[in-house]
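Following the working numbering, the numbering of the sequence shown begins with 166 at its first residue and continues without gaps.
Note that beta-carbon positions come from the ideal geometry of N, C-alpha and C, so glycine has one too.
Before any comments, here is the structure.
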Amino acid sequence: MGETRSRTVLFFDSGIGGLGVLREARVLMPDWRYVYVADDAAFPFGGWDEDRLRAHLTGLFRDLLEVHRPAMTVIACNTASTLAINHLREVFPGETFVGTVPAIKPAAERTRSGLVSVLATPGTVKRQYTRELIRQYAGKCHVRLVGSEHLARLAEEYVREGYVDEAAVRREIAPCFVKMDGRATDIVVLACTHYPFLVNRMRKTAPWPVDWIDPAEAIARRAASLQGTLGVLRAADGVDLAVFTSGHPQSSVVRLMRGFGLHLADIDNPERVP
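The following block contains the structure:
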């Protein structure tokens with residue numbers, strides 16, 4: 166840790182979900198360099214055994230932190246954050262990690278009906294971390310946890326192809342909508358960073374209007390608030406990068422990354438831009 170680090174922030178997600186967070190961070194942290202890592206070789210995280218996924222993330226971050234030397238790392242993924250962020254902080258004590266957790270506290274503060282749903286991956290739904298957030302912040306609410314098997318994949322397909330099966334979206338979000346004692350769900354927490362890409366389709370297919378809470382801005386604000394704790398940082402060199410662990414992203418995804426101002430890095434030499 167003797168060297169002075171540059172203003173480089175590493176964003177990590179299983180796919181394209183973290184791009185929404187990156188977009189918000191650029192507004193608040195315009196003089197930083199961004200390295201976006203999509204672990205598409207392991208997508209989706211929801212189907213992984215917990216111990217295997219934690220070990221996978223630990224090994225992957227050991228390499229990423231060594232290569233890119235970020236001053237800050239944003240894990241823009243609820244599944245990875247709720248499973249592994251505390252473990253990563255223990256393994257890499259000199260690193261600054263910003264996690265992504267379900268926005269249960271603001272949902273509990275904003276609901277009028279007291280009926281809140283948390284739409285997440287199955288992995289996030291079953292975590293004790295998520296249930297502890299409910300116990301701590303939403304004890305007076307009825308919170309329904311909805312684990313979607315397919316919504317992250319549908320979001321990836323929509324971003325790549327510009328089309329999504331609206332009937333499939335409707336099926337995935339249907340369990341979020343609850344009526345009880347004359348009240349109805351009025352807030353749905355989007356507890357996966359992929360889901361906001363589909364929010365317009367969700368609004369269209371929902372049985373009644375609700376507030377959809379997108380965590381991107383709050384995550385970006387948290388990252389920006391930590392800038393003053395990082396010590397002296399030198400100006401970052403190089404362009405903003407996109408790194409895909411598969412080494413073979415689809416051409417549509419490459420175009421998407423370019424639209425976000427990210428240059429595709431060579432997986433075998435991540436600091437070299439082809």
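Rounded to the nearest angstrom, what separates residue i and residue j at their Cα positions?
i: Phe-362; j: Gly-185; result: 8 Å
i: Gly-180; j: Ala-220; result: 19 Å
i: Thr-244; j: Leu-319; result: 17 Å
i: Ala-207; j: Tyr-201; result: 15 Å
i: Gly-347; j: Arg-275; result: 19 Å
i: Gln-415; j: Ser-282; result: 33 Å
i: Val-404; j: Arg-191; result: 14 Å
i: Phe-177; j: Ala-272; result: 25 Å
i: Pro-372; j: Glu-231; result: 48 Å
i: Gly-424; j: Tyr-323; result: 16 Å
i: Arg-170; j: Leu-218; result: 29 Å
i: Gly-279; j: Glu-297; result: 18 Å
i: Gly-288; j: Leu-310; result: 11 Å
i: Val-334; j: Gln-293; result: 27 Å
i: Arg-336; j: Trp-213; result: 23 Å
i: Glu-143; j: Ala-339; result: For residue 143 there is no data in the structure shown, the boundaries of the chain being 166 and 439.
i: His-413; j: Arg-420; result: 13 Å
i: Arg-437; j: Lys-291; result: Reliability fails at Arg-437, whose pLDDT of 49 lies under 50, so the model's placement of it is uncertain and no value is given.
i: Leu-398; j: Ile-240; result: 21 Å
i: Ala-388; j: Trp-197; result: 12 Å
i: Asp-351; j: Arg-277; result: 7 Å
i: Ala-349; j: Cys-341; result: 10 Å
i: Ala-233; j: Leu-429; result: Per the sequence shown, residue 233 should be read as His rather than Ala. Looking at the two C-alpha atoms, the distance is approximately 14 Å.
i: Tyr-328; j: Pro-258; result: 43 Å
i: Val-343; j: Met-367; result: 16 Å
Which of helix, strand or coil does DSSP assign to residue i?
i: Gly-312; result: strand
i: Phe-257; result: coil
i: Phe-409; result: strand
i: Val-404; result: coil
i: Lys-305; result: coil
i: Leu-395; result: coil
i: Arg-292; result: coil
i: Leu-193; result: helix
i: Leu-200; result: One detail in the question is off: residue 200 reads as Val in this sequence, not Leu. It is a strand residue.
i: His-428; result: strand
i: Met-166; result: A caution first: Met-166 carries a pLDDT of 45, below 50, which makes its placement in the model unreliable, though a value can still be read off. The answer is coil: DSSP assigns Met-166 none of H, G, I, E or B.
i: Ala-349; result: strand
Is the beta carbon of residue j closer than 8 Å to that of residue i?
i: Leu-229; j: Leu-187; result: no
i: Arg-172; j: Ala-401; result: yes
i: His-307; j: Met-345; result: yes
i: Thr-161; j: Glu-255; result: The question about residue 161 has no answer here: the residues shown for the chain are numbered 166 through 439.
i: Ala-356; j: Leu-284; result: yes
i: Thr-358; j: Asp-204; result: no
i: Ile-299; j: Ile-250; result: no
i: Leu-406; j: Ala-236; result: no
i: Glu-331; j: Lys-305; result: no
i: Leu-222; j: Leu-253; result: yes
i: Ala-317; j: Pro-209; result: yes
Just to check my reading of the structure: residue i and residue j have Cβ atoms closer than 8 Å, yes? What is that Cβ distance to the nearest angstrom?
i: Cys-242; j: Gly-182; result: 7 Å
i: Glu-326; j: Ser-417; result: 7 Å
i: Val-266; j: Thr-247; result: 6 Å
i: Ile-384; j: Val-263; result: 7 Å
i: Val-408; j: Val-375; result: With 8 Å as the limit, Val-408 and Val-375 do not qualify as a contact, their Cβ atoms being about 36 Å apart.
Span of the beta strand (DSSP E) holding residue i?
i: Ala-333; result: Per DSSP, Ala-333 belongs to no beta strand (DSSP E); it is in the alpha helix (DSSP H), 331 to 338.
i: Thr-173; result: 173 to 178
i: Ala-356; result: 352 to 356
i: Leu-284; result: 280 to 285
i: Thr-238; result: 237 to 240
Could you spell out the range, first to last residue, of the alpha helix (DSSP H) harbouring residue i?
i: Val-364; result: 364 to 370
i: Val-266; result: Taken as a continuous stretch (DSSP letters only), Val-266 belongs to no alpha helix (DSSP H), as it is neither H nor E.
i: Ile-378; result: Careful: Ile-378 lies outside any alpha helix (DSSP H), inside the beta strand (DSSP E) at 376 to 378.
i: Ile-384; result: 381 to 390
i: Phe-226; result: 215 to 233
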